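Enquirer: Dropping a structure here in structure tokens format, bear with me for questions.
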Amino acid sequence: MTWMLIVVLSVGAYALKSAGLVGVGVRDFPAPVRNVIALIPAAVLSALIVKDTFTAGHDLQIDARAIGVAVAVVAVWKRVPLWLVIVFACAATGITRAVS
Amino acid sequence: MGRAKPPSKATDDWAGIIGPALGLGFAVFAFGLSFGVMCIDAGGSVPKAMAMSLFVFTGASQFSAVSVLAAGGSAASAIVGALILASRNAVYGVAVAPSLMGSLPYRLFASQFTIDETTGMTLAQNTPQRRRRAFWVTAASIYVFWNLATLIGAIAGSNIDTQKYGLDVAFAAAFVGMLAPLIVSPRARRVGFAGAVVCLAVTPFVPIGAGIIVAALVALVGLRPTADAGPVVSTGGPA
């Protein structure tokens, strides 16, 4: 993690935030652009979940992480508060590692 | 019999904003702790973790970048993935713009705080004055809690065996929590599922972390018009 990466991310994130509030203002993006942007988090967050759960570098693998994330899915489905979701998931993975 | 004094409308207004804003602040606290810990785990330092939370200040993107770096991905993969995820903040800016009319410096300052929670809280109010107040109160609450939690997490992270406590699934668990309110529409669910499949399918063949970027391309199905576009704003996730 370099300082350059942090600077680029900071500038990039700020540019995107201000593009809407200052650049576009009360006009709006064209509907197709808005629709694509609205769907990005669903695609990217899902991808991040499976990446953090089932991959190690270029390899696909199933290990103790899958148990923790499965617990998180059930906890979110049961509407457990988000901070507890994280605690449950970490605990499940940690315990699985300890006993295996 | 003395007439009971009705509670002041103004006091009511503030209470109705400050309560939920503090609630959101507590919620992002857990995310901030995880972020601080994992930032150290991914090769960061306390100053770097703090710089991320103070200046990048959009949680899902920060998580995404650190997640890619932790997996051994390149800076380019981390940056592109994080910024694709941050593009929704541009839409949020448009959504809150009518409530934040003012001078250019005012709007430039407000831009830094245009994130999931502030947008959700702002749009949930029913008068222009309440919208403006909700934006700033939520911004203050999230900014303070997010940065305080990052600091505590980063300091603790230097002394924690993340594998032992299963902390390496903290992000995935957080992402599950962020995703849930976003996939209420069938179309968003299909996009989410496809994104996951695409990411796993390309992982062996593309640079580490680039699977996230390839998966983002699934969102291009949004170019096809539909009545079922789903909500633009999530109030469920962290900054």
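Just so you know, the protein sequences line up as chains A and B, in that order. My numbering puts the first residue of the first sequence at -10, with every later residue one more than the last. My numbering puts the first residue of the second sequence at 5, with every later residue one more than the last. The C-beta atom is built at its ideal place from N, Cα and C for all residues, glycine as well. Note that the coordinates shown come from a computational prediction; the quantities given were computed from them, not determined experimentally.
So for ALA200 of chain B, helix, strand or coil by DSSP?
Expert: ALA200 of chain B falls in the helix class under three-state DSSP.
Enquirer: Does SER71 of chain B come within less than 9 Å of chain A when only Cβ atoms are used?
Expert: yes
Enquirer: Pull up the distance between the alpha-carbon of ALA220 of chain B and that of ASN130 of chain B, whole angstroms please.
Expert: 34 Å
Enquirer: Against chain A, with Cβ distances strictly below 9 Å, would ASN163 of chain B count as a contact?
Expert: no
Enquirer: Per DSSP, THR44 of chain A is paired with what?
Expert: A:LEU49
Enquirer: State yes or no: is the beta carbon of PRO208 of chain B nearer than 9 Å to at least one beta carbon in chain A?
Expert: yes
Enquirer: Closest Cβ-Cβ distance between SER89 of chain A and chain B: below 9 Å?
Expert: no
Enquirer: Could you give the residue range of the alpha helix (DSSP H) that holds VAL67 of chain B?
Expert: For clarity, residue 67 of chain B is Phe in the given sequence; the question names Val instead. Here the alpha helix (DSSP H) through PHE67 of chain B covers 63 to 74.
Enquirer: Alpha carbon to alpha carbon, what distance is there between SER189 of chain B and VAL222 of chain B?
Expert: 16 Å
Enquirer: So, ALA31 of chain B versus PRO70 of chain A, is the Cβ gap smaller than 9 Å?
Expert: For ALA31 of chain B and PRO70 of chain A, yes; Cβs fall inside 9 Å.
Enquirer: Between A:VAL(-4), A:THR(-9), A:TYR3, A:LEU(-2), which has its C-alpha nearest LEU112 of chain B's C-alpha?
Expert: A:TYR3
Enquirer: Would you call VAL107 of chain B buried or exposed, if buried means 16 or more other Cβ atoms sit within 10 Å of its Cβ?
Expert: Residue identity differs from the one stated: residue 107 of chain B is Ser in this sequence, not Val. Counting Cβ neighbours within 10 Å, SER107 of chain B comes out exposed, since fewer than 16 surround it.
Enquirer: Does the distance from the C-beta atom of LEU49 of chain A to that of PRO208 of chain B stay below 9 Å?
Expert: In this structure, the beta-carbon distance from LEU49 of chain A to PRO208 of chain B falls below 9 Å.
Enquirer: Would you mind giving the Cβ-Cβ distance between ALA138 of chain B and ILE21 of chain B, rounded to the nearest angstrom? I have them listed as a contact below 8 Å.
Expert: 5 Å
Enquirer: Is it true that the CB of SER68 of chain B sits closer than 9 Å to the CB of VAL(-4) of chain A?
Expert: no
Enquirer: Suppose the cutoff is 8 Å on Cβ atoms and the five residues either side in sequence are ignored; what does the same chain contact list for ARG86 of chain A look like?
Expert: ALA53
Enquirer: May I have the straight-line CA-CA distance separating ARG92 of chain B from PHE61 of chain B, to the nearest angstrom?
Expert: ARG92 of chain B and PHE61 of chain B have their C-alpha atoms roughly 14 Å apart.
Enquirer: Under 9 Å, Cβ to Cβ, is there at least one residue of chain B near THR42 of chain A?
Expert: yes
Enquirer: Do GLY85 of chain B and GLY213 of chain B have their C-beta atoms within less than 9 Å of each other?
Expert: yes
Enquirer: So the alpha helix (DSSP H) LEU87 of chain B belongs to, where does it begin and stop?
Expert: 79 to 90
Enquirer: If we ignore side chains and look at the alpha-carbon of each, how far apart do ASP210 of chain B and SER81 of chain B end up?
Expert: Here residue 210 of chain B is Val; the residue named in the question, Asp, does not match the sequence. Those two C-alpha atoms are separated by around 10 Å.
Enquirer: In whole angstroms, what is the alpha-carbon distance linking GLY1 of chain A and ALA59 of chain A?
Expert: 33 Å
Enquirer: How many angstroms separate the CA atom of LEU299 of chain B from the CA atom of ALA64 of chain B?
Expert: Residue 299 of chain B lies beyond the residue range present for chain B, which begins at 5 and ends at 243; the question has no answer from this structure.
Enquirer: Of all Cβ atoms in chain A, is any one closer than 9 Å to the Cβ of ASP17 of chain B?
Expert: no
Enquirer: Between which two residues does the alpha helix (DSSP H) carrying LEU112 of chain B extend?
Expert: 108 to 115
Enquirer: By the DSSP assignment, the alpha helix (DSSP H) with GLN133 of chain B in it spans what residues?
Expert: 132 to 161
Enquirer: Under three-state DSSP, which class holds ASP165 of chain B?
Expert: Coil.
Enquirer: ASP52 of chain A touches chain B at which residues, Cβ-Cβ below 8 Å?
Expert: Here the premise fails: no neighbours, minimum Cβ distance about 10 Å.
Enquirer: Leaving out five residues before and five after SER145 of chain B in sequence, what residues of the same chain have Cβ atoms less than 6 Å from its Cβ?
Expert: ALA25, LEU26, GLY29
Enquirer: Between A:LEU(-2), A:GLY46, A:SER35, which lies nearest to ALA176 of chain B when the distance is taken from Cα to Cα?
Expert: A:SER35
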